[in-house]
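All remarks here apply to the structure that follows.
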Amino acid sequence: GLADPRLGTMEREMKCQSCHGSSKDCPGHFGHIELAKPVYHVGFIKTVVQIMRCVCFHCSRLLA
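All residue numbers for the sequence shown refer to this note's numbering, where the first residue is 1135 and numbers rise by one.
What follows is the structure in structure tokens.
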């Protein structure tokens, strides 16, 4: 979950379980959560739409 100690320290006296750094030294670590359904990343929607406009909906060829 989001409070997993492997993602970084949450309290000053704790050591990170991933890098063993203190709360000052540990930059934090990435994690992921499995979702029941796919979710679009709002930061990429504009780019995906631009790419989709370059491809034919019917035959998947690149548009000129």
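Virtual Cβ for every residue (Gly too), placed ideally from N, Cα, C.
Own chain, CB closer than 7 Å to residue i, minus 5 neighbours either side, in chain order
i: R1140; result: Q1151, S1152, H1163
i: G1165; result: D1138, L1141
Proximal residues to residue i (C-beta, below 8 Å), its chain only, five neighbours per side dropped
i: A1137; result: M1144
i: C1190; result: L1196, L1197
For residue i, the three-state DSSP class (helix, strand or coil)
i: L1196; result: strand
i: V1173; result: coil
Under 9 Å between C-beta atoms of residue i and residue j
i: C1160; j: G1177; result: no
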